[in-house]
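Asker: Following numbering that gives the first Met the number 0, the numbering of the sequence shown begins with 0 at its first residue and continues without gaps. Quick reminder that beta carbons are idealized off the backbone N, C-alpha and C, glycines included. In this text, all values refer to a predicted model and were calculated from it rather than measured experimentally. Take this structure, written in structure tokens, and hold onto it; I'll ask about it next.
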Amino acid sequence: MSETLTITDNRTGKQYEVAITDGTIRAADLREIKVSEEDFGLMSYDPAFKNTASCRSAITLIDGERGILRYRGYPIEQLAEQSSFLEVAYLLLNGELPTADEHAKWVDEITHHTYIHEYLTKSMDGYRYDAHPMGMMVSFLGALSTFYESSKEVRNPAVRREHIIKIIAKMPTLAAWTFRHSTGRPYIYPDNELSYTGNFLNMLFRMAEPKYEPHPVLERALDVLFILHADHEQNCSANSARAVGSAETDPYCSLAAAAAALYGPLHGGANEAVLRMLKQIGHIDNVPEFIQACKDRKHRLMGFGHRVYKNYDPRARVIKTLAHDVFKVTGRNPLIDIALELETIALNDEFFVERKLYPNVDFYSGLIYQSMGFPTTMFPVLFAIPRAAGWLAQWQEMITDKEQKIARPRQIYIGHDERDYVPLDQRTQSAS
Ligand code: CMC
């Protein structure tokens, strides 16, 4: 079987043979298809990249039809059960799980870069008491670049590694301090004797006690949530990290762009919408009426459906089990009953079955975060901490990929032809 595509251009009657590699044709090959020598050549038009591969990647695989998610080949379920977030971050960035020695060194390095320059800490006081923590995160990431001039050497592997470690190490500190700022509590400095998530809980919740002791179930639950959120291939924020990084922008500013993308309600904000929806439903008896309203297109069932998954999101399955472990410690979140009833009814309803609408990662995660004491504004920040590892892996892969260049899409120009400038006093037509 020939791995080619034959295209007939009906404008000219000419035939072209285009190579198919990995189920893909190269858009640049279409440029050979011309009506004349002066013609620019054919382009493909794909708003929102719905059917365009922008890179070759070896990091994360999603098979949406079968509900599969793997990091570097390892099923997400196995990683969630047996691994730790820092090990997964290493895996995403380096391609292989660390040996025991590599792991010890990696954890030690991350642990010793958790502090933030005091000048940045002072600048936090400039934000209003009700500043959205995600807006603060976006600006802190950009601000960090001003402390690390060397981070601009993006082609130097040793420098890249140094700043990758710094970013992964500092994300929990920045995140925790946005929370402390919003509650008017003093910032808690990192405790290097605690684990990555244990220290994060310490910086969030420690009050007068001399030594914070994280609850092991909550510490582990957060670690599992971090594993589940660490990467999701070419999503909107990863694509932003790659696009901005392709201009050889330093990793701090590239990640600020990625975090800004994640901030959007269509990306990292859906778990907040799920909580609002569950509160609005209010009682399990109101679920059938709410489902009917979804079918009547009055609103959407938040936390359901996904552009890629047309099956149960494997992350949702893990989170659902995790929720029960967390509730044993924090007390049962009463909204879980409404969530379970919604899921049961929706999964058996023809409308949702036909459209392959299943719970996604956001359906249960907000319930856990709320039970652990996080306000909803912190939800996207909790997403950003682990996703930084994925963004950095995607950014690094882009930088080291010889085929990649500055990201610069084409357009189909639909504006005016050339026209002459009209002086201000002679203009009669208003744009509005
Ligand atoms: N509730 C009710 N109907 C839905 C829903 C939903 N949550 N999602 C999709 N549909 C219907 C939609 O009305 C359409 O029906 P029809 O073909 O009859 O018009 C059909 O399913 C296909 O929907 P679509 O909007 O074309 O699908 P999409 O791939 O463009 O959208 C989505 C994906 C995630 C934006 C959408 O499913 C949605 O809005 N879900 C609710 C919000 C949500 O939970 N978002 C979190 C996504 S996971 C987090 C992340 O990875 O960033």
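I'd like the ranges of any alpha helix (DSSP H) spanning at least 4 consecutive residues and lying wholly in the region 78-139.
Answerer: 84-93, 99-110 and 117-123
Asker: Tell me the rounded alpha-carbon separation between E396 and L91.
Answerer: Walking along the sequence shown from the start, residue 396 turns up at place 397. Walking along the sequence shown from the start, residue 91 turns up at place 92. Rounded to whole angstroms, E396 to L91 spans 10 Å at the Cα level.
Asker: Identify whether I6 lies in helix, strand or coil by the three-state DSSP scheme.
Answerer: Position 7 of the sequence shown, counting from 1, holds the residue named residue 6. If DSSP states are grouped into helix, strand and coil, I6 belongs with the strands.
Asker: Under DSSP, the beta strand (DSSP E) around D62 begins and ends at which residues?
Answerer: In the sequence shown, the residue the question calls residue 62 occupies position 63. T59 to D62 is the span of the beta strand (DSSP E), which, as asked, contains D62.
Asker: Beta carbon of G365: closer than 7 Å to some heavy atom of ligand 1?
Answerer: The residue you call residue 365 lines up with position 366 of the sequence shown. Answer for G365: no, Cβ out of range of ligand 1.
Asker: Say the cut is 7 Å; is the CB of N359 nearer than that to a heavy atom of ligand 1?
Answerer: Position 360 of the sequence shown, counted from the first residue, corresponds to residue 359. Yes - ligand 1 has a heavy atom lying nearer than 7 Å to the Cβ of N359.
Asker: Do you know how far the Cα of D284 is from the Cα of M276?
Answerer: Working through the sequence shown from its first residue, we reach residue 276 at position 277. Working through the sequence shown from its first residue, we reach residue 284 at position 285. Looking at the two C-alpha atoms, the distance is approximately 14 Å.
Asker: Measuring CA to CA, which of Y412, L41, C54 and G12 is closest to A440?
Answerer: A question about residue 440 goes unanswered here, because the residues of the chain that appear run from 0 up to 431.
Asker: Any chance the CB of R306 is under 7 Å from a heavy atom of ligand 1?
Answerer: The sequence position of residue 306 within the sequence shown is 307, counting from 1. Flag set: Cβ of R306 near ligand 1.
Asker: Does the distance between the C-beta of R299 and the nearest non-hydrogen atom of ligand 1 fall short of 7 Å?
Answerer: Within the sequence shown, residue 299 is the residue found at index 300, counting from 1. Result yes, Cβ under 7 Å from ligand 1.
Asker: List in chain order: all unbroken alpha helix (DSSP H) runs of 4+ residues lying wholly within the region 350-375.
Answerer: 361-370
Asker: CB of L275 to nearest heavy atom of ligand 1: below 7 Å?
Answerer: Position 276 of the sequence shown, counting from 1, holds the residue named residue 275. A small fix is needed here, since residue 275 is Arg in this sequence, not Leu. No, the Cβ of R275 stays beyond 7 Å of every heavy atom of ligand 1.
Asker: Please name the residue or residues paired with R69 in a DSSP beta bridge.
Answerer: Residue numbering aside, residue 69 sits at position 70 when the sequence shown is read from its first letter. Bridge partners of R69: L60 and P74.
Asker: Residues bridged to K13 by DSSP?
Answerer: As a working mapping, residue 13 is identified with position 14 in the sequence shown. In the DSSP output, where bridge partners are listed per residue, K13 has D8.
Asker: With M397 as the anchor, note down where its alpha helix (DSSP H) starts and where it stops.
Answerer: Within the sequence shown, residue 397 is the residue found at index 398, counting from 1. First-last of the alpha helix (DSSP H) with M397: F378 to T399.
Asker: Could you tell me which residues DSSP puts in a beta bridge with T20?
Answerer: Here residue 20 corresponds to residue number 21 of the sequence shown, with the count starting at 1. Paired residue(s): T23.
Asker: When the distance is taken between beta carbons, is P213 closer than 8 Å to N201?
Answerer: By one-based count along the sequence shown, residue 201 stands at place 202. By one-based count along the sequence shown, residue 213 stands at place 214. In this structure, P213 lies closer than 8 Å to N201 by Cβ.
Asker: Please identify the residue among L41, R25 and M0 whose C-alpha is closest to the C-alpha of N9.
Answerer: The residue you call residue 9 lines up with position 10 of the sequence shown. Ranking the options by Cα distance to N9, first place goes to L41.
Asker: Going by DSSP in three states, F303 sits in which element: helix, strand or coil?
Answerer: The residue you call residue 303 lines up with position 304 of the sequence shown. In this structure, F303 counts as strand in the three-state DSSP scheme.
Asker: Just how far apart, CA to CA, sit A292 and H298?
Answerer: Reading the sequence shown from its first residue, position 293 is the one you call residue 292. Reading the sequence shown from its first residue, position 299 is the one you call residue 298. Spanning the two alpha carbons is a distance of roughly 7 Å.
Asker: Look at the alpha carbon of K404 and the alpha carbon of E208, and state the distance between them as a whole number of angstroms.
Answerer: Position 405 of the sequence shown holds residue 404. Position 209 of the sequence shown holds residue 208. For K404 and E208, the distance between alpha carbons rounds to 52 Å.
Asker: Write down every uninterrupted run of the alpha helix (DSSP H) in the region 284-332 whose length is 4 residues or greater and which is fully enclosed by it, in chain order.
Answerer: 286-294 and 313-329
Asker: Going by C-alpha to C-alpha distance, which of T182, S181, K210 and H180 sits closest to P189?
Answerer: Looking up residue 189 in the sequence shown gives position 190. Closest option to P189, Cα to Cα, is K210.
Asker: Which one of E247, F199 and G72 has the shortest CA to CA distance from N155?
Answerer: Translated into the one-based positions of the sequence shown, residue 155 becomes position 156. Of the candidates E247, F199 and G72, the one whose C-alpha sits nearest the C-alpha of N155 is E247.
Asker: Check this for me: beta carbons of L254 and L140, under 8 Å apart or not?
Answerer: As a first step, residue 254 must be located in the sequence shown, where it is residue number 255. As a first step, residue 140 must be located in the sequence shown, where it is residue number 141. Result yes, Cβ atoms of L254 and L140 sit closer than 8 Å.
Asker: Consider the C-beta atom of F303 and the heavy atoms of ligand 1; say whether any pair is separated by less than 7 Å.
Answerer: The residue labelled residue 303 in the question sits at position 304 within the sequence shown. Set against 7 Å, the gap from the CB of F303 to the closest heavy atom of ligand 1 is smaller.
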